[in-house]
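> Note that our numbering has the sequence shown beginning at 176, numbered continuously upward.
By construction, the Cβ of each residue, glycine as well, lies at the ideal position given by its N, Cα and C atoms.
I'd like to ask some things about the structure below.
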Amino acid sequence: MENLRKITSKNNDIFLFIDIPDERRNNLGIASGESVLLSIYDSDSFQYTQDINLIRYASIQSSASPTDKEIEFFELVKEAGELNYKKTLVNEYGITNYIRYSPKLTFKQVAMDNHIVITGTLKNANTKSIHSFEIPTISIENETIHLNDNLQFEYILPVSTKVDKVEFKLDLPKQVLTRGYKLK
Numbered sequence: 176m177e178n179l180r181k182i183t184s185k186n187n188d189i190f191l192f193i194d195i196p197d198e199r200r201n202n203l204g205i206a207s208g209e210s211v212l213l214s215i216y217d218s219d220s221f222q223y224t225q226d227i228n229l230i231r232y233a234s235i236q237s238s239a240s241p242t243d244k245e246i247e248f249f250e251l252v253k254e255a256g257e258l259n260y261k262k263t264l265v266n267e268y269g270i271t272n273y274i275r276y277s278p279k280l281t282f283k284q285v286a287m288d289n290h291i292v293i294t295g296t297l298k299n300a301n302t303k304s305i306h307s308f309e310i311p312t313i314s315i316e317n318e319t320i321h322l323n324d325n326l327q328f329e330y331i332l333p334v335s336t337k338v339d340k341v342e343f344k345l346d347l348p349k350q351v352l353t354r355g356y357k358l359k
C-alpha cells in the first residue's frame with residue numbers, strides 16, 4: 176500500500192492513514208480518507224474508518240512510512256471493521272508501544288476504630304508505551320479523592336455502613352473508567 180502513511184498528531188495520536196482527496200474538506204484544511212487509530216486504550220478496540228473528517232493538516236506533527244507488519248495490521252482491521260485490543264495481537268504486529276495503557280488500581284482494606292479504611296494505589300500498567308503515564312482524577316459520587324506523592328489515596332467508611340461495594344471513577348483525558356472494590 177504505497178499511499179498508506181503512519182501519522183502522528185499534535186496530541187500524540189498515531190494513525191495508519193490513506194489520504195483520499197476531497198476538494199471541499201481539503202480546502203478547509205481537513206484530511207479525510209481511510210484510517211485506523213493505533214493509539215487506543217487497552218480497554219478499547221481498533222476500528223477502521225472511511226470517508227470521515229479525520230484531522231486538520233495543521234495538526235499533523237509527523238508522517239512516516241509504516242512497517243510491513245503495520246501495513247498487514249491495517250488490512251486486517253479494514254477487513255474486520257473492528258478488532259478488540261488483545262496483548263497477543265499488538266505484540267504480533269509490533270504496535271505495543273502505540274497503545275495507551277490504563278492505570279491499574281489495587282486496593283487494601285483495614286479496620287480502624289469505627290471505620291473501614293480503603294487504600295488505593297495507582298500503578299503504571301506498561302512502561303513500553305510512547306505515551307506518558309496518565310494519572311486520572313479519581314472520584315466517588317462526584318467527590319474528588321486526592322492522591323498523595325506515592326499515587327495512593329484513602330477512602331474512609333463507617334463500620335456500620337450498609338455498602339458492600341464502592342465504585343471509584345477514574346477520569347482520564349480520553350476515557351472514563353470505573354473500578355469497583357468489594358468490601359470484605
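List the whole-angstrom C-beta distance separating Val334 from Ala286, where the pair is believed to meet the contact cut-off of C-beta under 8 Å.
Right, their Cβ atoms sit about 7 Å apart.
> Can you tell me whether Asn259 is helix, strand or coil according to DSSP?
strand
> By how many angstroms is the C-alpha of Val292 removed from the C-alpha of Asp194?
54 Å
> Taking the straight line between their C-alpha atoms, what separation do you get for Asn202 and Ser234?
15 Å
> Near Lys357, which residues of its chain fall below 7 Å by C-beta distance, leaving aside the five closest residues on each side in sequence?
Asp339 and Lys340
> Could you tell me whether the stretch 236 to 254 touches the stretch 306 to 322, using the rule of 3 or more Cβ pairs below 8 Å?
no
> Looking at the secondary structure, which residues open and close the beta strand (DSSP E) in which Arg180 lies?
Leu179 to Ser184
> Do Ile270 and Glu245 come within 8 Å of each other at the CB atom, strictly closer than that value?
yes
> Please give the ranges of any beta strand (DSSP E) in the stretch 258 to 288, keeping only runs that are unbroken, at least 3 residues long and fully inside the region.
Taken in chain order, the whole beta strand (DSSP E) runs of length 3 or more contained in the stretch 258 to 288 are 279 to 287.
> Could you tell me whether the stretch 348 to 356 touches the stretch 264 to 280, using the rule of 3 or more Cβ pairs below 8 Å?
yes
> Decide if Glu183 is buried, meaning its Cβ has at least 16 other Cβ atoms within 10 Å, or exposed.
The question names Glu, but residue 183 in the sequence shown is Thr. Buried, by the Cβ-count rule.
> So, Leu229 versus Gly208, is the Cβ gap smaller than 8 Å?
yes
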